[in-house]
Amino acid sequence: MVNYFSSDFKLGILGGGQLGKMLLTETQKFDIYTCVLDAAKDAPCANICDEFHVGSLLDFDTVYNFGKRVNTLTIEIENVNVDALEKLEHEGIKVYPSSKTIRIIQNKAKQKLFYVDHNIPTAEFSRFAYSDEIKTAIDHESIHFPFVWKSAQFGYDGTGVKIVRTQADLDTLPNVECITEKLIPFKNELAVIVSRNVNGDLKTYPVVEMEFHPEANQVEYVICPARITEEVAIKAERIALQVAEAFKHVGLLAVELFLTENDAILVNEVAPRPHNSGHYSIEASYTSQFEQHIRAILNLPLGDTSSKVGGVMVNLVGDENYTGNVLYENMESILKMDGVTPHIYGKKVTKPFRKMGHVTIVHKDINEARKVAETVKNTIRVISSKETNNS
1 MVNYFSSDFK LGILGGGQLG KMLLTETQKF DIYTCVLDAA KDAPCANICD
51 EFHVGSLLDF DTVYNFGKRV NTLTIEIENV NVDALEKLEH EGIKVYPSSK
101 TIRIIQNKAK QKLFYVDHNI PTAEFSRFAY SDEIKTAIDH ESIHFPFVWK
151 SAQFGYDGTG VKIVRTQADL DTLPNVECIT EKLIPFKNEL AVIVSRNVNG
201 DLKTYPVVEM EFHPEANQVE YVICPARITE EVAIKAERIA LQVAEAFKHV
251 GLLAVELFLT ENDAILVNEV APRPHNSGHY SIEASYTSQF EQHIRAILNL
301 PLGDTSSKVG GVMVNLVGDE NYTGNVLYEN MESILKMDGV TPHIYGKKVT
351 KPFRKMGHVT IVHKDINEAR KVAETVKNTI RVISSKETNN S
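Under full-length UniProt numbering, think of the first position of the sequence shown as 1, with each following residue one higher.
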């Protein structure tokens, strides 16, 4: 048994953003020594880990040299240099999730092909080396408007995704490797977080329901438990477990799903790390997703994933009219509400739709929690001082 606690063991985290910050809450609880690498010297993790290193996550030498300093390496973002991770694995550093998994997930075309190869249900798609090639496919009637366009790489929080309804929409796309997907008439977007440790033990969190902002294509609300039938929930969990098993994943795997009009479940995409859809778990679950990720990558027994109470999470994103030093307006008003817990990520500058924090609302009645979440959303504003107001 490796002694992780109050010892010389070093855990490395690639990425110093809000997910890393919330992971550090759990490593501090266990007194695990942490080293974090991020490109920004003022990243949310900068002042709360044991060692903070500034450097590009996409540079081979930077990632490799950082990885040689630690015993186990994990990620809080997928956009990292996979070749460096592969070399570190060959040299005996434990890397979870594996470089093989990250390489597939980094590229949406590879990810979709992986689902097809493993009989995992997903929306019909076509892949293109460049967006320009889509015009030829339309001319040949192999794809038709409307469809969903996704950049194959470097998409996040709604960027790199667009619904293409007309030729004019097509003309605005960057000319990059991409996929197009059939536009699925779905009635709900769901997510299941699966935890798997090195021994292969598996646990799922309850199915959550996600509501998206119509313009930014970002998750606005996450509702746990999802307001679906038990039959649909069982089906969603089964497919999420199938995905985790196919990847032989170690750590957390967030599986985003579409629930179609006829109650079929299709995999949209996955994230091999803690995820926005699991933030509610800090207040609402017996074991938060962040503690569970630490347990899984260190091959510790997995914690209880059931909920103590219903939870709704609302994202705090920058007001679309403001860029500059952040101000949180009406924070006192939401702190007066029962069952409401804000989490501020520590980003000093706000930008339109930038994720700046989240708020969890817990209540034994999930519909009541959803109403309070709407009140929270309409009360708190993430703005900047007048000098930097872009409106």
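Heads up, the beta-carbon is just placed ideally off N, CA and C, and yes, glycines get one too. Nothing here was measured: the structure is a model prediction, and the numbers come from that model.
Less than 8 angstroms between the beta carbons of F135 and C178, yes or no? Within the sequence shown, the letter at position 135 stands for residue 135. Within the sequence shown, the letter at position 178 stands for residue 178. It is Lys, not Phe, that sits at residue 135 in the sequence shown. At a Cβ-Cβ threshold of 8 angstroms, K135 and C178 do not count as neighbours.
Got a sec, what are the start and stop residues for the beta strand (DSSP E) D38 sits in? Here residue 38 corresponds to residue number 38 of the sequence shown, with the count starting at 1. Its beta strand (DSSP E) spans residues 33-38.
Note down the Cα distance separating G92 from V267, rounded to an integer number of angstroms. Counted from its first residue, the sequence shown places residue 92 at position 92. Counted from its first residue, the sequence shown places residue 267 at position 267. For G92 and V267, the distance between alpha carbons rounds to 33 angstroms.
Where do the ends of the alpha helix (DSSP H) carrying E237 lie? Sequence index remark: in the sequence shown, residue 237 carries index 237 (1-based). 230-247 is the extent of the alpha helix (DSSP H) around E237.
Just how far apart, CA to CA, sit Q292 and V192? Residue mapping note: residue 292 aligns to position 292 of the sequence shown, counting from 1. Residue mapping note: residue 192 aligns to position 192 of the sequence shown, counting from 1. Cα to Cα, Q292 sits roughly 14 angstroms from V192.
Would you list the residues sitting across from P342 in a DSSP beta bridge? Here the question's residue 342 lines up with position 342 in the sequence shown. Partner(s): V359.
7 angstroms Cβ shell around K351 - same chain, five flanking residues per side excluded: As a first step, residue 351 must be located in the sequence shown, where it is residue number 351. These residues qualify, in order along the chain: G318, T323.
Measuring only the C-alpha atoms, how far is Q218 from T62? What you label residue 218 is simply residue 218 of the sequence shown in a count that begins at 1. What you label residue 62 is simply residue 62 of the sequence shown in a count that begins at 1. Rounded to whole angstroms, Q218 to T62 spans 31 angstroms at the Cα level.
Under the three-state DSSP convention, the category S281 falls into: The residue given as residue 281 occupies position 281 in the sequence shown. Helix, per DSSP.
Should G16 and C35 be called a contact, given that it needs their Cβ atoms to be closer than 8 angstroms? The count along the sequence shown starts at 1 and reaches residue 16 at position 16. The count along the sequence shown starts at 1 and reaches residue 35 at position 35. Contact: no.
Could you spell out where the beta strand (DSSP E) holding L259 opens and where it closes? Your numbering for residue 259 matches position 259 in the sequence shown. Taken as a continuous stretch (DSSP letters only), the beta strand (DSSP E) holding L259 covers 251-260.
Apart from the five residues on each side of it in sequence, which residues of its chain come closer than 7 angstroms, Cβ to Cβ, to G357? One-based indexing of the sequence shown puts residue 357 at position 357. The beta carbon of G357 is closer than 7 angstroms to those of L316, P342, H343, I344, Y345 in its chain, skipping five residues each way along the sequence.
Please determine if the segment 181-192 and the segment 124-135 are in contact, where contact requires at least 3 C-beta pairs separated by less than 8 angstroms. yes
Does I102 pass the burial test, meaning 16 or more other C-beta atoms within 10 Å, or should it be called exposed? One-based indexing of the sequence shown puts residue 102 at position 102. The residue is buried, with at least 16 neighbouring Cβ atoms inside 10 Å.
Residue burial classification, H118 (beta-carbon count within 10 angstroms, cutoff 16): Walking along the sequence shown from the start, residue 118 turns up at place 118. So H118 counts as exposed.
According to DSSP, simplified to helix, strand and coil, what is H53? As a working note, residue 53 is residue 53 in the sequence shown. Note: H53 maps to strand in three-state DSSP.
Measuring CB to CB, does P274 end up less than 8 angstroms from H249? Taking the sequence shown and counting its residues from 1, the one referred to as residue 274 is at position 274. Taking the sequence shown and counting its residues from 1, the one referred to as residue 249 is at position 249. Not in contact: P274 and H249 (Cβ atoms no closer than 8 angstroms).
Whole beta strand (DSSP E) runs in the segment 166-230 with 3 or more residues, listed along the chain? 178-182, 186-196, 202-204, 208-212, 219-224
Which runs of the beta strand (DSSP E) at least 3 residues long sit entirely within the segment 59-111? Give them in chain order. The qualifying runs are 72-75.
Within 8 angstroms, do at least three Cβ pairs link the segment 242-256 to the segment 226-234? no
Can you tell me which of I265, L298, K355, S385 puts its alpha carbon nearest to the alpha carbon of L11? Within the sequence shown, residue 11 is the residue found at index 11, counting from 1. Comparing Cα positions, the closest option is L298.
Under three-state DSSP, which class holds T323? As a position in the sequence shown, residue 323 is number 323, starting the count at 1. Here T323 sits in coil by DSSP.
Measure the C-alpha to C-alpha separation of D50 and A109 and round it to an integer number of angstroms. What you label residue 50 is simply residue 50 of the sequence shown in a count that begins at 1. What you label residue 109 is simply residue 109 of the sequence shown in a count that begins at 1. The straight-line gap from Cα to Cα measures roughly 37 angstroms.
Quick one: measure Cβ to Cβ for H363 and V309, integer angstroms, because I've assumed they're closer than 8 angstroms. Locating residue 363 in the sequence shown gives position 363, counting from the first residue. Locating residue 309 in the sequence shown gives position 309, counting from the first residue. Between V309 and H363 the Cβ distance is about 7 angstroms, and since that is below 8 angstroms, they are a contact.
Quick one: what does DSSP say M313 is sitting in, helix, strand or coil? Working through the sequence shown from its first residue, we reach residue 313 at position 313. The answer is strand: DSSP assigns M313 an E or B state.
Quick one: grab the DSSP three-state call for A271. As a working mapping, residue 271 is identified with position 271 in the sequence shown. Three-state result, A271: strand.
Since K10 sits in a beta bridge, which residues does DSSP pair it with? If you number the sequence shown from 1, residue 10 lands on position 10. Y33.
Is T388 helix, strand or coil when you go by DSSP? Looking up residue 388 in the sequence shown gives position 388. Residue placement at T388 is poorly supported in this model, since its pLDDT is 48, which falls under 50; the coordinates are not used for a value here.
Would you check if the segment 328-340 and the segment 367-383 touch, i.e. whether three or more CB-CB distances between them fall below 8 angstroms? yes
Can you tell me where the alpha helix (DSSP H) holding I334 begins and where it ends? As a working note, residue 334 is residue 334 in the sequence shown. I334 -> alpha helix (DSSP H) spans 331-335.
What's the gap between the Cα of A152 and the Cα of Q106? Taking the first residue of the sequence shown as 1, we reach residue 152 at position 152. Taking the first residue of the sequence shown as 1, we reach residue 106 at position 106. Approximately 8 angstroms between the Cα atoms of the pair.
Indicate the three-state DSSP secondary structure (helix, strand or coil) for Y328 in the structure shown. One-based indexing of the sequence shown puts residue 328 at position 328. Three-state DSSP puts Y328 in a strand.
Please state whether DSSP places I366 in a helix, a strand or coil. On the sequence shown, position 366 is the one that residue 366 refers to. For I366, the secondary structure class from DSSP, reduced to helix, strand or coil, is helix.
Can you find the residues in the same chain that come closer than 8 angstroms, C-beta to C-beta, to Q28, ignoring five residues on each side of it along the sequence? In the sequence shown, residue 28 corresponds to position 28, counting from 1. Contacts found: I48.
N-terminal and C-terminal residue of the beta strand (DSSP E) that R127 is part of: Numbered from its first residue, the sequence shown carries residue 127 at position 127. It spans 125-128 - the beta strand (DSSP E) in which R127 sits, taken as one unbroken run.
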